[in-house]
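Residues in the sequence shown are numbered from 16 upward in steps of one, following our numbering. Cβ coordinates follow ideal geometry from the N, Cα and C atoms, glycine included. Worksheet for the structure shown next.
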Amino acid sequence: MEFKTEFDTLEKIYQDMCHKATNPKNFFFTSRYAHLRSMVKDVALIGETSLNNYVDVLMGEKDLPHFAQVKLYMCYPERYLKAKKDESLSPEKKKKIRHMLEQTVSLGFIVHLFLVAEPCREKNFSRIEMQGVEKEWASRILRTDRVLRQYNIGVRKMPGKIFDAFYKEYIEPFITRELHITGWLKKKRHYDFFHKLFFSGALLGLEIDFATRMLHD
Numbered sequence: 016m017e018f019k020t021e022f023d024t025l026e027k028i029y030q031d032m033c034h035k036a037t038n039p040k041n042f043f044f045t046s047r048y049a050h051l052r053s054m055v056k057d058v059a060l061i062g063e064t065s066l067n068n069y070v071d072v073l074m075g076e077k078d079l080p081h082f083a084q085v086k087l088y089m090c091y092p093e094r095y096l097k098a099k100k101d102e103s104l105s106p107e108k109k110k111k112i113r114h115m116l117e118q119t120v121s122l123g124f125i126v127h128l129f130l131v132a133e134p135c136r137e138k139n140f141s142r143i144e145m146q147g148v149e150k151e152w153a154s155r156i157l158r159t160d161r162v163l164r165q166y167n168i169g170v171r172k173m174p175g176k177i178f179d180a181f182y183k184e185y186i187e188p189f190i191t192r193e194l195h196i197t198g199w200l201k202k203k204r205h206y207d208f209f210h211k212l213f214f215s216g217a218l219l220g221l222e223i224d225f226a227t228r229m230l231h232d
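Structure (structure tokens):
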């Protein structure tokens, strides 16, 4: 995903899901939000390569040593669609799957940036070394649920509410109509995958924030 061209679309999804999860009133029209939006977009741009590397690995299209365990346990076509050969998925279907993975993890990423205030972020984000951040993030992705156990509670459960609204409106129709996923157990497995994917995006935001605090210290 390229945030330069896709950020507006992703932001619209974020705002729509916020309206489903709560009542933001007129916040999206305030100068405070305009400033926040500008900063979120700038930070998103530095996370873009890491997110794209992650999705490449999830699609089975790239081998990166620091993502080796992620690929082993989360490669979406192999682990969730039993597609072990490239020809088992059409190029069109692979493109649609990739888009859904990109939207989900990127939404989780910007949800964190919008909802969680980090005093050092705006001042220091441009100075952090993203290769190191990416490696640290990759080492924690499989433990996202444990690492973020208290995270959702700390922000009034808004990320979880936004994810559930997004899942219902975007992901569930996609896996049902496009991937023909049926049955409670299969749908639950896919829900768990996309839930981890969304919050692993939030985890990247946390790793970036931690890196900005280290520079401040």
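In the structure shown, what three-state DSSP assignment does Val170 receive? The count along the sequence shown starts at 1 and reaches residue 170 at position 155. Val170 falls in the coil class under three-state DSSP.
Task: Pro92 burial status per 10 Å Cβ neighbour count (16 or more: buried) - done: Counting from 1 along the sequence shown, the entry for residue 92 is found at position 77. Counting Cβ neighbours within 10 Å, Pro92 comes out buried, since at least 16 surround it.
**Length of the line joining the Cα atoms of Ser121 and Lys35** = In the sequence shown, the residue the question calls residue 121 occupies position 106. In the sequence shown, the residue the question calls residue 35 occupies position 20. Each residue's alpha carbon lies about 19 Å from the other.
*asked:* Given this structure, state the Cα-to-Cα distance separating Cys90 from Asp179, to the nearest angstrom.
replied: Taking the first residue of the sequence shown as position 1, residue 90 is located at position 75. Taking the first residue of the sequence shown as position 1, residue 179 is located at position 164. Distance between the alpha carbons of Cys90 and Asp179 is about 22 Å.
What does the alpha-carbon distance come out to for the pair Glu222 and Tyr185?
As a working mapping, residue 222 is identified with position 207 in the sequence shown. As a working mapping, residue 185 is identified with position 170 in the sequence shown. Rounded to whole angstroms, Glu222 to Tyr185 spans 27 Å at the Cα level.
- Message: Does the structure place the segment 121-134 close enough to the segment 78-88 that three or more beta carbon pairs sit under 8 Å?
- Response: no
Fill in: Endpoints, alpha helix (DSSP H) assigned at Ala132
One-based indexing of the sequence shown puts residue 132 at position 117. First-last for Ala132: undefined, no H or E at that position.
Practice item. Return the chain-ordered list of same chain residues with a C-beta closer than 8 Å to the C-beta of Tyr166, the five sequence neighbours on each side being excluded. Key: For the purposes of this step, residue 166 is taken as residue 151 along the sequence shown, with counting starting at 1. Excluding residues within five positions, the ones whose Cβ falls inside 8 Å are Pro174, Phe214, Ala217, Leu221.
**Request:** Out of Thr20, Asp23, Tyr69, Thr227, state which residue places its alpha-carbon closest to the alpha-carbon of Leu157.
**Result:** Taking the first residue of the sequence shown as 1, we reach residue 157 at position 142. Taking only the C-alpha atoms, the option nearest Leu157 is Tyr69.
### Query
Is Glu17 closer than 8 Å to Glu63 when the C-beta atoms are compared?
Translated into positions along the sequence shown, residue 63 becomes position 48. Translated into positions along the sequence shown, residue 17 becomes position 2. It is a contact, given that the beta carbons lie within the stated cut-off.
Check: First and last residue of the alpha helix (DSSP H) that includes Lys183?
Finding: Residue numbering aside, residue 183 sits at position 168 when the sequence shown is read from its first letter. Where Lys183 is concerned, there is no enclosing alpha helix (DSSP H), given that its DSSP letter is neither H nor E.
Q: Report buried or exposed for Lys27, applying the criterion of at least 16 other Cβ atoms within 10 angstroms of its Cβ.
A: Position 12 of the sequence shown, counting from 1, holds the residue named residue 27. By the neighbour-count rule (16 or more Cβ atoms within 10 Å), Lys27 is not buried but exposed.
- prompt: Where does Cys5 fall in DSSP's three states?
  reply: The requested residue 5 does not occur in the structure, where the chain is confined to residues 16 to 232.
- Task: Give me the Cα-Cα distance between Leu219 and Arg192, rounded to the nearest whole angstrom.
- Result: To locate residue 219, count along the sequence shown from 1; it is residue 204. To locate residue 192, count along the sequence shown from 1; it is residue 177. Approximately 30 Å, taken between the alpha carbons.
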